Amino acid sequence: MTDNPYKDLPPLERRPDGSLYRMTPAQRKQAASLIRRECCCCENGNCIVLDDGDTCTCPQTVSFSVCCKWFRWAVLPLDETLEAGIFRDKDLKRCAVCGGVFAPKSNRAKYCPGCAARVHRRQKTESERKRRSAVDS
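Just so we're aligned, residue 11 is where the sequence shown starts under this note's numbering, counting upward by one.
What follows is the structure in structure tokens.
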């Protein structure tokens, strides 16, 4: 049998006082939804890594602290906004169009990824229209 990849993951980050990072109830609800959708170790709400013959509820879905290495390093990076909200390692910004919160990829970002494509397309259309109108016929 091969070695368990769960053991090779880096340790969980802790706050300077040694405690685990905590989630708000809204963040916990988002995390539980993300786990049910994306985690390969979660099957019908049970953690297959902790399964020793009896079913074991996934501790991350019921806990307000970040206590699962697999969740931290494999599942949580799929939702950058949630990760930034829990760990505060990235600043969160509000989208100038929809007002939603997003984790920017650069310091110049003004729009969330959903609005960025629409805004860019609109700006490009306006620029092309202006360029074409300036041409003498």
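The beta carbon of each residue, even a glycine, is placed where N, CA and C say it ideally should be.
Just so we're clear, the structure is a prediction, and the values are computed from it rather than from any experiment.
To the nearest angstrom, report how far apart residue i and residue j are at their CA atoms.
i, j, result
"residue 81", "residue 74", "13 angstroms"
"residue 72", "residue 131", "42 angstroms"
"residue 115", "residue 64", "43 angstroms"
"residue 28", "residue 21", "13 angstroms"
"residue 32", "residue 70", "11 angstroms"
"residue 127", "residue 62", "47 angstroms"
"residue 11", "residue 48", "The pLDDT assigned to residue 11 is 45, lower than 50, so where the model puts this residue is not dependable; a value taken from the coordinates is nonetheless given after this. Rounded to the nearest angstrom, the two C-alpha atoms are 25 angstroms apart."
"residue 43", "residue 138", "43 angstroms"
"residue 55", "residue 135", "48 angstroms"
Look at residue i and residue j and say whether their C-beta atoms are less than 7 angstroms apart.
i, j, result
"residue 118", "residue 111", "no"
"residue 68", "residue 57", "yes"
"residue 83", "residue 30", "no"
"residue 92", "residue 40", "yes"
"residue 59", "residue 52", "no"
Which of the three DSSP states, helix, strand or coil, is assigned to residue i?
i, result
"residue 25", "coil"
"residue 11", "Reliability of the predicted coordinates at residue 11 is poor, the pLDDT of 45 falling under 50, and the value obtained from them is presented with this limitation in mind. Reduced to three states, the DSSP call for residue 11 is coil."
"residue 108", "coil"
"residue 50", "coil"
"residue 115", "coil"
"residue 67", "strand"
"residue 120", "coil"
Name the residue from the options whose alpha carbon lies nearest to the alpha carbon of residue i.
i, options, result
"residue 108", "59, 124, 101", "124"
"residue 88", "17, 18, 45", "45"
"residue 95", "79, 145, 113, 49", "113"
"residue 23", "55, 47, 97", "97"
"residue 122", "27, 106, 144, 26", "106"
"residue 38", "86, 139, 138", "86"
"residue 120", "43, 101, 55", "101"
Run through the DSSP bridge pairs and tell me what residue i is partnered with.
i, result
"residue 32", "75"
"residue 103", "112"
When every heavy atom of the ligand ADP is checked, does at least one fall within less than 6 angstroms of the C-beta of residue i?
i, result
"residue 95", "Because no ligand of any kind appears in the structure shown, any question about the ligand ADP cannot be addressed here."
Residue i CB to nearest chain D CB: under 7 angstroms?
i, result
"residue 26", "Annotation note: the requested chain D is absent from the structure, which comprises a single protein chain."
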